[in-house]
Every structure is written in C-alpha cells, then in structure tokens.
Amino acid sequence: MQHSEGFLKIVNAARSRVREITPEEVRKKRLAGERFDFVDVREDNEWEKGRAAGAIHLGKGIIERDVESAIPDHQAEIILYCGGGFRSALAADALQQMGYKNVISMDGGWKRWNELGYPTEK
Numbered sequence: 001m002q003h004s005e006g007f008l009k010i011v012n013a014a015r016s017r018v019r020e021i022t023p024e025e026v027r028k029k030r031l032a033g034e035r036f037d038f039v040d041v042r043e044d045n046e047w048e049k050g051r052a053a054g055a056i057h058l059g060k061g062i063i064e065r066d067v068e069s070a071i072p073d074h075q076a077e078i079i080l081y082c083g084g085g086f087r088s089a090l091a092a093d094a095l096q097q098m099g100y101k102n103v104i105s106m107d108g109g110w111k112r113w114n115e116l117g118y119p120t121e122k
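The numbering used here puts the first residue of the sequence shown at 1, with every later residue one more than the last.
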C-alpha cells in the first residue's frame with residue numbers, strides 16, 4: 001500500500017517515541033509463557049477476516065476510549081499490531097500519552113505474522 005507523505009510523517013514521529021518489536025520476538029515471548037496483552041488495532045472488517053491467536057480487538061478508532069476498561073493496569077505490557085506496523089505505532093504513542101508505561105508496537109504487523117505462518121484464528 002502506498003501511504004501519503006503526511007501519514008508517513010506522523011507515523012515516523014510516533015515511531016521515534018515508541019518501542020517496537022518484531023513478530024518473531026512476540027512469538028518467542030508467547031512461547032516462553034510471558035504475560036502481555038496482545039491487541040489488534042485494525043478495523044472491524046480486518047479483525048473479522050482473521051487475527052493473531054490470542055489477540056483482543058481494540059480498533060484504532062476506539063482504543064483511547066476503551067483501553068482503560070479493557071486494560072486498566074497502566075503498567076501492563078501491551079503489544080499492539082495492525083496491518084503493517086503503522087497504525088499500531090500511532091496507537092502506542094497515544095496510549096503512552098494516556099499514561100501507559102509499557103506499550104510496544106509490532107513492526108510488520110499482521111502481514112508479517114501471516115508470512116511467518118504464526119497461529120491465527122477467526
């Protein structure tokens with residue numbers, strides 16, 4: 001997908017402020033039994049087509065409104081993903097502004113998760 005210059009500008013700014021992790025690192029954490037909230041921030045129609053196994057859905061359009069009900073612990077480790085890692089970086093930046101201390105964006109997102117053949121569900 002070709003992204004606009006303005007969109008890439010705000011994504012790159014967000015990426016300078018958030019931590020990122022690869023799908024491979026997320027999978028290792030999961031296999032090691034590490035506890036974290038795995039959050040899909042894609043649109044409802046994307047979520048319905050398939051998602052990473054064990055993920056919860058808080059779309060980017062509503063995450064700021066609903067995250068404190070879904071994940072009240074501001075110290076919890078939260079790994080966000082979207083289609084490719086752009087929207088999740090923006091969402092991670094917003095959650096940090098809300099006081100969440102351990103938010104990470106999964107670079108490569110759903111696309112890379114699928115390419116690696118990692119577990120999914122519908």
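The C-beta atom is built at its ideal place from N, Cα and C for all residues, glycine as well.
It should be emphasised that the depicted structure is a prediction, and the values quoted were computed from it without experimental measurement.
Take Leu80, set aside five residues on each side of it, and the residues of its chain with a beta-carbon closer than 6 angstroms to its own are Val39, Val41, Ser88, Ala91, Ala92, Ser105, in chain order.
With respect to the C-alpha of Gly99, the residue from Lys122, Pro119, Asn114, Ile71 having the closest C-alpha is Ile71. Taking a contact to require three or more Cβ pairs closer than 8 angstroms, the stretch 110-119 and the stretch 8-27 qualify as touching.
Within the stretch 24-68, the complete alpha helix (DSSP H) runs of at least 4 residues fall at 44-49. In the DSSP assignment, Leu116 forms no beta bridge with any residue. Sorting Ala32, Val67, Asn12, Arg51 by C-alpha distance to the C-alpha of Leu95 places Val67 at the top. Look at Ile21 here: in three-state DSSP terms it is strand.
Per DSSP, the unbroken beta strand (DSSP E) holding Ile78 starts and ends at 77-81. In the three-state reduction of the DSSP assignment, Ser105 falls in the strand class.
Membership of Asp93 in the alpha helix (DSSP H) is indicated by the continuous run 86-97.
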